[in-house]
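Participant:
There are 2 protein chains.
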Amino acid sequence: MPRQGSSKREAIVAATKALLWERGYEATSPRDVLERSGAGQGSLYHHFPGKREVAAAALAEMAEEEIAVVDGLFAAGTPPLDRVRAYLTRERQALRGCRLGRLANESAMEEPALREPVAAYLGHIQASLRASLREAEAAGSLSPGIEPGPLAAALIAVIEGGYVLARVHWDEAAMREAIDGAVQLLAAVTRPQA
Amino acid sequence: MPRQGSSKREAIVAATKALLWERGYEATSPRDVLERSGAGQGSLYHHFPGKREVAAAALAEMAEEEIAVVDGLFAAGTPPLDRVRAYLTRERQALRGCRLGRLANESAMEEPALREPVAAYLGHIQASLRASLREAEAAGSLSPGIEPGPLAAALIAVIEGGYVLARVHWDEAAMREAIDGAVQLLAAVTRPQA
DNA sequence: GTCTATAATTCGATAGAC
DNA sequence: GTCTATCGAATTATAGAC
C-alpha cells in the first residue's frame with residue numbers, strides 16, 4: 001500500500017483533518033469527505049477499509065503536526081518556567097475547540113486507533129510541562145508542597161477545560177480568564193531565576 | 001400543554017437524560033429514546049415538536065439537578081476555602097465525562113435552547129467558586145496577586161479538563177492527578193483560618 | 001487508481017387509527 | 001394521549017465499469 005503517488009488519498013486525508021476539527025468524528029460522513037476532497041466513492045474505499053481508518057490516518061497526522069508546534073515552544077534555550085508560560089499563553093482559537101481533545105467525548109474514543117493519537121498528543125504536552133517544572137524544581141524555583149507531576153496535569157487540564165468553557169459560553173474570554181488564573185497561580189508558586 | 005399526568009412524557013425525558021450522558025446529542029436518535037422509554041413514535045411527537053426540544057427539556061432537568069447538588073456543597077456554615085476544596089474533591093465518575101459539559105463540542109451548542117442549560121450549570125459553579133474565594137480574600141486568606149475571578153475560572157477549567165484527560169487516556173487517575181495539582185496550588189496561595 | 005451507480009440501514013419526522 | 005405504519009433523506013459501504 002503505497003503512501004506516495006496517490007493524489008486522491010492525500011486529498012481525502014486532508015479533507016478529513018479539516019472536518020474532524022470542524023464537526024468531530026460522528027458528524028463527519030464519508031460523503032462529506034468525498035465532497036470536500038473532490039474524490040469519488042471508490043477512491044476512499046480503495047485506499048482505506050472504511051471511515052474509521054480514514055479518521056485514524058487523519059488524527060495521526062494532526063497529532064504529529066501539533067506535537068511539532070508544541071516542541072517548538074518547549075525548545076531548550078529558554079528558562080523552564082518561560083517555556084511553561086509560553087505554552088499557556090500561546091495563541092489559540094478557543095471557539096473552535098482543541099483540534100484533538102475535542103474528540104474526548106465521542107464514541108470514537110472507544111476505538112484504540114482513534115484514541116491513541118489524541119492520548120499521545122495530550123500526553124506529550126503533559127510530559128513536556130512536567131519536565132520543565134522538574135527543571136525549575138531542581139533549580140529551587142518551585143514552592144515546597146508543589147509537585148511537578150500534579151502541577152503539569154492541572155495546567156494541561158486548564159487548557160482543555162478552557163476550551164470547554166469558551167465553547168459552552170460561546171465566548172473566547174472564558175478561556176482567557178481560566179488561563180489568567182493559571183498564570184497567576186504559577187507565578188505565586190515559583191521564584192524567578194530558573 | 002400539561003406537564004403533569006402524562007406518564008410517557010416523563011419516561012421520554014428520563015430516557016433522554018440517560019442517553020445524553022451516555023452518548024451525547026448527535027449520537028442519540030429519537031428511536032433510541034423510544035426504545036429505552038417504552039413509548040411509541042406518536043408519544044414523542046405529541047409532547048414535543050422534535051428531537052431538539054426533547055433534549056432541551058432533558059438538559060434543563062439535568063442542569064437543575066446538578067445545580068442543586070453543587071449548592072449543597074457550597075452551603076453556608078463551612079469556611080469558604082473548605083467549600084472550594086469540597087467541590088474540587090467531590091466524587092466523580094471521570095470516565096463518563098461531565099454530565100453537561102460533555103456536550104461542549106457538539107453542534108448542539110449552536111442551538112441556544114441546548115447551550116443555555118449547559119452554560120447555566122458551569123456558570124453557576126464558577127460563580128459559587130468566585131463568591132467563596134472573594135470571602136476568603138476579604139478575610140485576608142488569599143495571597144497577593146491572586147484574583148478570585150481568574151482563580152475560579154482556572155478551577156472549574158481543571159475539573160472540565162480533568163474529564164477530558166480521563167476520557168482520552170481512559171484512566172480515572174488522569175483526572176485525579178489534575179485535581180491533586182489544583183488542591184496543591186490552592187493550598188499554596190491561601191492561609192488557613194478563613 | 002478512480003469513477004458512477006446502487007444497496008441496506010438508520011435518521012428525524014409525519015399520517016392517521018384508536 | 002398513545003399507538004403502528006410509513007416517508008424521504010442521509011448514512012456507511014459494495015459492485016463493477018473504465
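Quick note, the sequences are listed as chains A and B, same order.
Taking full-length UniProt numbering, the leading residue of the first sequence gets 1, the next gets one more, and so forth.
Taking full-length UniProt numbering, the leading residue of the second sequence gets 1, the next gets one more, and so forth.
All C-beta atoms, glycine included, are put in the ideal place defined by N, C-alpha and C.
#1: Could you check which residue in A/TRP21, A/ARG191, A/ARG99 and A/ILE159 has the C-alpha nearest to that of A/SER141?
#2: Report yes if the CB atom of residue 199 of chain A is closer than 8 Å to the CB atom of B/ALA182, and no otherwise.
#3: Are the CB atoms of B/PRO150 and A/ASP180 nearer to each other than 8 Å?
#4: According to DSSP, is A/THR28 part of a helix, a strand, or is it coil?
#5: What does DSSP give as the partner residue(s) for A/LEU142 in the beta ladder?
#6: Let me see if you follow: with CB-CB separation under 8 Å, is A/VAL168 close to chain B or not?
#7: Could you name the residues of the UniProt domain "HTH tetR-type" (6–66) of chain B whose beta carbon sits closer than 8 Å to any beta carbon of chain A, in the order they occur along the chain?
#8: Got a sec: is the Cβ-Cβ distance from B/ALA94 to anything in chain A below 8 Å?
#9: What residues in the region 141–153 of chain A bring their beta carbon closer than 7 Å to a beta carbon of chain B?
#10: With a threshold of 8 Å between beta-carbons, can B/ALA104 be considered close to chain A, or not?
#11: Runs of 3 residues minimum, wholly inside the region 57–131 of chain B: which ones carry the beta strand (DSSP E) assignment?
#12: Can you list the residues of chain A that B/SER132 reaches, using a CB-CB cut of under 8 Å?
#13: Against A/SER107, what residues of chain B qualify as contacts under a CB-to-CB distance less than 9 Å, listed in chain order?
#14: Residues of the region 115–130 of chain A with a CB closer than 9 Å to any CB of chain B: list them in chain order, please.
#15: Taking the Cβ atom as the reference point for each residue, do B/LEU185 and B/ALA136 lie within a distance shorter than 8 Å?
#16: What residue from A/THR28, A/ALA18 and A/ARG130 has the CA that sits closest to A/CYS98's CA?
Facilitator: Concretely, from the data shown:
#1: A/ARG191
#2: Outside the displayed span of chain A (1 to 194) sits residue 199 of chain A, for which this structure offers no information.
#3: yes
#4: coil
#5: A/THR190
#6: yes
#7: ARG23, GLY24, GLU26 and ALA27
#8: no
#9: SER143, GLY145, ILE146, GLU147, GLY149, PRO150, LEU151 and ALA153
#10: yes
#11: none
#12: Per Cβ cutoff of 8 Å: no residues; B/SER132 is ~14 Å from chain A at best.
#13: ARG23, GLY24 and ALA27
#14: ARG115, VAL118, ALA119, TYR121, LEU122, GLY123 and GLN126
#15: no
#16: A/ALA18
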